[in-house]
Amino acid sequence: MASLQPELITEVAGFPVTNTVIATVAVDAILLFLLYIIAKRISVRPSGIQSFIEPGLTYFYGLTEQIAGSRAAKIFPWFATFFIVIFVTNLFGLLPGITAVGIFEEHHGEHTLVPLFRAATTDFNMTLALGTVSVFATHFLTITTVGLVGYLQKFLSLNPVSLFIGLLEFVLEFVKIISLSFRLFGNIFAGEVVLVTISGIFAFLAPLPFIMLETIIALVQALVFAMLTMVFMAVLSTPHSEGGGH
Amino acid sequence: MEFTLTGGAIIAFGGIFPALAIGVIGFKAMEAIGRNPEAATKILPPMLLGMAFAEAIAIYALILAFIG
């Protein structure tokens, strides 16, 4: 059974390094390597890996323009970064044999294997950090788009009914952090528990549909997180004059 | 991590309404696609988004089931 906490591997200069940190560093290395390869060969007539990624990015940019309108250029980097990072991190935990590399350690008198890699999104610290960054970036983007006065006007006003609604929306921002982080963590962690359980019972054919399900869940959860971030950014940074009155 | 009886009860009760909600979302999406098969690619992303929201409630119950 996988534990809720990631396992501690070592300590680097007083900073505890768990196996999810190692996996995050590995995913960063993969993404930077991919970036380097693509940047070297970028051209007006695409071929190879550029023709593979470009349609996807164009589709997502079209989606952003539909929802965000004029602010799509500022919002799209956040959308794409969250999607790519979370998708690759989720998939990293599904690589075959990734959790078989580890260190033997003694825990409560039992000789168990502590895996060296563990998908970073099965660590609640990671998803909480992602959710916090997402909400803080939303507010920061709003302040730079509509200014500090416009930002405060969304939450405070003289009309008592609007003031009540404004306070409610302020509380809702914290709920967004919790809901974003729990959704991602719960889906990926529960998927890992299911895979560990099934692989413990049948080793060969039965885990296949579960691994397929987990791949689809990895894609959908990354897409949901990124799309929610984009929608929240678009909604919150709407200037007061745009959109219908209520 | 061990499985307890209260944990099982939490997820059993907490999963009823989200499962119903996901079913209703899928039902209405199927109906809409049936009326207009060409709009299937436009209906699918909002349907997935709605299902992810509904599933999130079940995930909250699952977290409590793992803890308690």
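Those protein sequence lines, which keep their order, are chains L and W. Residue 100 in my numbering sits at position 100 of the first sequence, and the numbers go up by one each step. Residue 1033 in my numbering sits at position 33 of the second sequence, and the numbers go up by one each step. Glycine residues also receive a C-beta, built at the ideal position from the N, C-alpha and C atoms.
Residue contact with chain W for residue 41 of chain L: absent (no Cβ-Cβ distance below 8 Å to any residue of chain W). Taking the Cα positions, residue 82 of chain L is about 12 Å away from residue 90 of chain L. Leaving aside the five residues that flank residue 72 of chain L on each side, the residues in its chain whose CB is nearer than 6 Å to its CB run, in chain order, 64 and 65. As the crow flies, the alpha-carbon of residue 41 of chain L is around 25 Å from that of residue 92 of chain L. Contact of residue 1052 of chain W with chain L by beta-carbon distance below 8 Å involves 183, 220, 221 and 224. In the displayed model, residue 110 of chain L falls within a strand according to three-state DSSP. Comparing C-alpha distances from residue 180 of chain L to each of W:1035, W:1009, W:1042 and W:1053 shows the shortest one belongs to W:1053. By alpha-carbon distance to residue 237 of chain L, the top candidate from L:88, L:152, L:16 and L:207 is L:152. Interface annotation for the stretch 193-212 of chain L against chain W: 193, criterion Cβ-Cβ distance under 9 Å.
For residue 1066 of chain W, the neighbours in chain L by C-beta distance under 7 Å run, in chain order, 4. Not one beta carbon of chain W lies nearer than 8 Å to the beta carbon of residue 97 of chain L.
Proximity of chain W to residue 186 of chain L at the Cβ level (cut-off 7 Å) is accounted for by 1059, 1062 and 1063, in chain order. Under a criterion of Cβ atoms nearer than 7 Å, no residue of chain W is adjacent to residue 126 of chain L; the nearest Cβ is some 15 Å distant.
Selection L:13, L:62 and L:54 evaluated against residue 230 of chain L yields L:62 as nearest (Cα-Cα). When DSSP assignments are scanned along the stretch 144-175 of chain L, no uninterrupted stretch of beta strand (DSSP E) that is 3 or more residues long falls wholly within it.
A residue is called buried when at least 16 other Cβ atoms come within 10 angstroms of its Cβ; residue 110 of chain L does not meet this threshold and is exposed.
Chain L places a beta carbon closer than 8 Å to that of residue 1049 of chain W, counting this residue as a contact. Residues of the stretch 1010-1027 of chain W that bring their beta carbon within less than 7 Å of a beta carbon in chain L are absent altogether.
The stretch 127-145 of chain L makes no contact with the stretch 192-206 of chain L; the number of CB pairs closer than 8 Å stays below 3. Under the Cβ criterion (8 Å, minimum of three pairs), the stretch 1001-1010 of chain W does not count as touching the stretch 125-145 of chain L. Taking 8 Å as the CB threshold, residue 227 of chain L lines the interface with chain W.
CA-CA distance, residue 239 of chain L to residue 149 of chain L, rounds to 11 Å. Note that the C-beta distance between residue 104 of chain L and residue 1063 of chain W is not below 8 Å. Cβ-Cβ distances below 6 Å link residue 17 of chain L to 9 and 10 in the same chain, with the five nearest sequence neighbours on each side left out; the list follows chain order. 8 Å or more divides the Cβ of residue 114 of chain L from the Cβ of residue 214 of chain L. Chain L has no Cβ within less than 8 Å of the Cβ of residue 1040 of chain W.
The C-alpha of residue 227 of chain L is placed about 25 Å away from the C-alpha of residue 118 of chain L. For residue 24 of chain L, the enclosing alpha helix (DSSP H) has its first and last residue at 19-40.
With contacts defined as CB atoms closer than 8 Å, residue 75 of chain L and residue 212 of chain L fail to qualify as a contacting pair.
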